[in-house]
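Going down the list, the sequences are from chains A and B.
Heads up, this note's numbering is the position in the first sequence plus 35, with the first residue counted as 1.
Heads up, this note's numbering is the position in the second sequence plus 135, with the first residue counted as 1.
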Amino acid sequence: NAGVTQTPKFRILKIGQSMTLQCAQDMNHNYMYWYRQDPGMGLKLIYYSVGAGITDKGEVPNGYNVSRSTTEDFPLRLELAAPSQTSVYFCASSYSRRGRWDNQPQHFGDGTRLSIL
Amino acid sequence: QQPVQSPQAVILREGEDAVINCSSSKALYSVHWYRQKHGEAPVFLMILLKGGEQKGHDKISASFNEKKQQSSLYLTASQLSYSGTYFCGTGGTSNTGKLIFGQGTTLQVKP
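As structure tokens, then:
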């Protein structure tokens, strides 16, 4: 099982460029999440999705966009890259059971290390 | 609102015990614990739910005090492999889908 797969693993962008961080899971999980982690800090939720076609903002959504057209994929889009978006980005997924989203563990991908210069 | 973890860092010798605390100013429905080694993704350790349900790790235990809005992670007879940064994630009202993580506690176990 691949689990949660993120691509690319590393990327350097110039200020103002755009890019899409890819995330795919093969566990048939309905919930998917995007976090960013700045050096020495905790995880901040950017966006999350409870199923195909449904997304919602997390703690730090500004500067990002998401879409979820399939259960498996949850791409994160940076439209105008800024130095403040230099971070490690983690995608995660989980399965909601019996109407609760928080009684199942989140499975994380290996992350995308993004530098904006 | 972000939960607060304490201590920020702890250094242990192999075989010693440690307790990591996680406190929230808001009512909690669930607490997740994850461990992250340097340069790697967070890995699930434990979930504690309001009402006492608990899922987790064989060698690590945890408590959840709903009234005090606190959780504690107990690491007993620590091993070198326990080194890493521990994060608690708290779930507030049940339907938001948002897990808010603390700032982390760095644990270093020395031989």
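For glycine and all other residues, C-beta sits at the position ideal for the given N, C-alpha and C.
GLY219 (chain B) sits buried, since 16 or more C-beta atoms from the chains shown fall within 10 Å of its C-beta. Comparing C-alpha distances from PRO142 (chain B) to each of B:CYS223, B:LYS245, B:PRO246 shows the shortest one belongs to B:CYS223. Per the Cβ contact rule, the region 193-208 of chain B is in contact with the region 154-174 of chain B (3 or more Cβ pairs under 8 Å). DSSP, reduced to helix, strand and coil, places LEU152 (chain A) outside both helices and strands of the structure shown, so it counts as coil. Put simply, of A:GLY146, A:TYR66, A:LEU113 the residue whose alpha carbon is nearest the alpha carbon of ARG103 (chain A) is A:TYR66. Per DSSP, reduced to three states, the secondary structure at LEU215 (chain B) is helical. Residues of the same chain with a CB within less than 7 Å of the CB of GLN52 (chain A), apart from the 5 flanking positions on each side, are ALA116 in chain order. For LEU152 (chain A), none of the residues of chain B pass the 9 Å Cβ criterion, the least Cβ distance being about 21 Å. Under the three-state reduction of DSSP, SER159 (chain B) is assigned to coil, being neither helix nor strand. Rounded to whole angstroms, the separation of the alpha carbons of GLN136 (chain B) and PHE45 (chain A) is 31 Å.
Neighbourhood of TYR164 (chain B) in chain A, by CB distance below 8 Å: ASP137, in chain order. For MET54 (chain A), the enclosing beta strand (DSSP E) has its first and last residue at 54-60. When the beta-carbon positions are compared, SER150 (chain A) and ILE47 (chain A) come within less than 8 Å of each other. With 16 or more other Cβ atoms from the protein chains shown falling within 10 Å of its own Cβ, ARG170 (chain B) counts as buried. In summary, ASP73 (chain A) is exposed, with fewer than 16 beta-carbon neighbours lying within 10 Å of its beta-carbon over all protein chains present. In the three-state DSSP reduction, SER198 (chain B) falls in the strand class (E or B). Chain-ordered listing is empty here: chain B has no CB closer than 9 Å to the CB of TYR82 (chain A), the nearest sitting near 10 Å. DSSP places GLN136 (chain B) outside both helix and strand once states are collapsed to three, so it counts as coil.
Per DSSP, GLN141 (chain A) has no beta-bridge partner at all. At a beta-carbon threshold of 7 Å, the residues of chain A lying near ILE182 (chain B) are ASN138, PRO140, ordered along the chain.
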